[in-house]
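This report refers to the structure that appears directly beneath it.
There are 2 protein chains.
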Amino acid sequence: MLEAAVQRGRQLPTGVALMRAGEPMTALFVVRSGSAKRYSVTLQGCEQVHGFVLPGEAVGLEGFASGRYTCEVSALEPLSYCRVPIRRLEPLLERLPGLRREILRLLGQALEESQRLRCELAQIDARGRVAHFLADLSGRLARRGLSPVEFRLSMSRADIARHLGLTLETVSRALGTFKREGWLRVRARDISVLQPAALVALGSGLA
Amino acid sequence: MLEAAVQRGRQLPTGVALMRAGEPMTALFVVRSGSAKRYSVTLQGCEQVHGFVLPGEAVGLEGFASGRYTCEVSALEPLSYCRVPIRRLEPLLERLPGLRREILRLLGQALEESQRLRCELAQIDARGRVAHFLADLSGRLARRGLSPVEFRLSMSRADIARHLGLTLETVSRALGTFKREGWLRVRARDISVLQPAALVALGSGLA
DNA sequence: CGCGAAACTTGATCCGTGTCAAGTGCTGAC
DNA sequence: GTCAGCACTTGACACGGATCAAGTTTCGCG
Chain A
370 MLEAAVQRGR QLPTGVALMR AGEPMTALFV VRSGSAKRYS VTLQGCEQVH GFVLPGEAVG
430 LEGFASGRYT CEVSALEPLS YCRVPIRRLE PLLERLPGLR REILRLLGQA LEESQRLRCE
490 LAQIDARGRV AHFLADLSGR LARRGLSPVE FRLSMSRADI ARHLGLTLET VSRALGTFKR
550 EGWLRVRARD ISVLQPAALV ALGSGLA
Chain B
370 MLEAAVQRGR QLPTGVALMR AGEPMTALFV VRSGSAKRYS VTLQGCEQVH GFVLPGEAVG
430 LEGFASGRYT CEVSALEPLS YCRVPIRRLE PLLERLPGLR REILRLLGQA LEESQRLRCE
490 LAQIDARGRV AHFLADLSGR LARRGLSPVE FRLSMSRADI ARHLGLTLET VSRALGTFKR
550 EGWLRVRARD ISVLQPAALV ALGSGLA
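Listed below in C-alpha cells is the structure:
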C-alpha cells in the first residue's frame, strides 16, 4: 500500500531544481543516486548552502511547517529519485502506525542533525569545520554502502565554504593542510581519506 | 479527547532539569510561563546552548529521532508547563488528522527554524548575531502577547554567547555598542528596545 | 543593611580568517 | 590538439573577535 503511493525511477539532469523555495509542498523526495544541494538565496542575492543530499536521504520535510518548501534543492550530478505525494501519504498515516512513526523519526532526525550541526559549527574553527564536513560525508556514504575513504566531491569548494560559513580560500587552505599532514590525498574533487580518525577528532573539536 | 491526554499545571523551580540528554522520550512539553535553556554538554565538559524556550513553545521534539531526548532542558526561572505523554498522544494521532498535521507542522517549523538560524549565524558577524538574537526574542515575546520592546533576559551573557558561538565579552561589547548607538537601553538584564528596525536590519545581515 | 561572590564591563594584545591579488591546473568545446 | 574559461591554490595584508586581565555593578544571603 505504501508502495502504491511512491513514484519511482524519476530522473533529473545536473543543475536542475528538484524543488524551489516558496512552492506549495506537494511531495517528499528520496534520492536514489546522485547528489543535490539544498540552499536558499538571501535578499542580497547571496547563496546560503543548507546542506547536501546523498543517496538514501529525504528532502522536503521542512515543508510541513507552512505547506510550502523553504529552500531550493538542485542536482549536483544526474539524479534519480522517488517522489512521495503528500496527498497519497496522508491517508496512509491514518492506517499505518509504523509509517507514522517513521515520518516522525525522519523529522526528528533532521531536526536533531540540524541542531547538532549548528552548535558544532558555532564552536569549531575553520579547519575543524572542514574536517567535520569530510568526516560527516564519509560516514553518510558508508551508511549507503559506498566507500568512506575514496570518493568524489560533487560540490565546489565555494559550495562547501558557503555551507560551513567560510570562504572558499579558507576551505582550500584547510584541505592543503590536511594533505600536508598526510591525512588526505586530494586531486581536484577526488578525495582519499588516509587518517579518518584524525579528521573525526579535529571535527569534534578535540583540536 | 486531546484535553485528556495533556497533563497541565506542572511546576519546576529555577535551575532544575525538565529533561536530560539520553533519557527515554516519554513526553512532549509545552511551556506555559517562565523560560528554559536547551543545551548539551560536550565530551570536553563545555556547554553548548541550543536555544531558549519561551512561553507557548514546545520542547522534546528531537526525541522522535531515536526515542530518547538528545539535550538537556533546564529552567531559567520558575517554570509552569504542560506534559503530553507519548503513550497517550500516539493513539490520538490515528483518529485526529488535524492533530497529526499539527505535530508535523511543529516539527517542520522547528526544523526550518533551526536551519535558518544555522545559516544566519554562519554568515553574520558578532554584532549582527547579537542583534538577531534580540530581534528574534522580541518577535517571539510579541507572538505571546508580551511586550516586544521591554523585557528581562532570563539568561546570562555567557548563555547568550554560547548560543551564538561567541564569547561573553563580545556579547557585552555588542550590547555596549547598541546602547551607545541609541538602539537599546540596557540595565543589567533589563532591555528596552528603542530602535527595533535597526536591530532587525543588522540581524538580517544588511550590516 | 552590608558583605562577598558572581555577573558583567572595559581595556590591551594576539591570532585566525576574510579580503584582495596573482598564479596554476582542470575541463570541455571547437 | 589547443584554447578559453572556470575552479582551485597560494601569498600578503588587515581586521574582527578571542584571550587575558583588571575593574565595576548587581544580587543573594546572613
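Going down the list, the sequences are from chains A and B. The first sequence runs 370 to 576 under my numbering. The second sequence runs 370 to 576 under my numbering. The beta carbon of each residue, even a glycine, is placed where N, CA and C say it ideally should be. The structure presented is a predicted model; accordingly, all values stated were derived computationally and were not measured.
DSSP places D494 (chain B) outside any beta strand (DSSP E), giving it a letter other than H or E. In the three-state scheme derived from DSSP, where H, G and I count as helix and E and B as strand, L553 (chain B) is classed as strand.
In this chain, the alpha helix (DSSP H) harbouring L458 (chain B) covers 455–464.
Residues of chain A with a Cβ closer than 8 Å to the Cβ of H501 (chain B) do not exist, since the nearest Cβ in that chain sits about 13 Å away. Under the rule that a run must span 4 or more residues, the alpha helix (DSSP H) segments found entirely inside the region 390–464 of chain B read 455–464. When the beta-carbon positions are compared, P424 (chain A) and R513 (chain A) come within less than 8 Å of each other. In the structure shown, the three-state DSSP call for L563 (chain A) is coil. Non-local C-beta neighbours of T411 (chain B) in its own chain, meaning closer than 7 Å and more than five positions away in sequence, comprise Q417, ordered along the chain. In the DSSP assignment, R558 (chain B) falls outside any alpha helix (DSSP H) and carries neither an H nor an E. An exposed status is given to T383 (chain A), since fewer than 16 other beta-carbon atoms sit within 10 Å of its beta-carbon. Here R513 (chain B) carries a coil assignment [DSSP, helix/strand/coil]. Around the beta carbon of S516 (chain B), fewer than 16 other beta carbons sit within 10 angstroms, so the residue counts as exposed.
Closer than 8 Å to the CB of T395 (chain A) there is not a single CB belonging to chain B. Apart from sequence neighbours up to five positions away, the residues of its chain that approach A511 (chain A) with a beta-carbon distance below 8 Å are P517, ordered along the chain. Per the coordinates, the alpha-carbon of D559 (chain A) lies some 24 Å from the alpha-carbon of D494 (chain A).
Beta-bridge partners of M388 (chain B) (DSSP): B:V442. In this structure, the alpha-carbon of R509 (chain A) lies about 20 Å from that of F547 (chain A). In this structure, the beta-carbon distance from E441 (chain A) to R389 (chain A) falls below 8 Å. Within its own chain, the residues whose Cβ lies closer than 8 Å to the Cβ of A373 (chain B), once the five positions on either side in sequence are excluded, are R457, listed in chain order.
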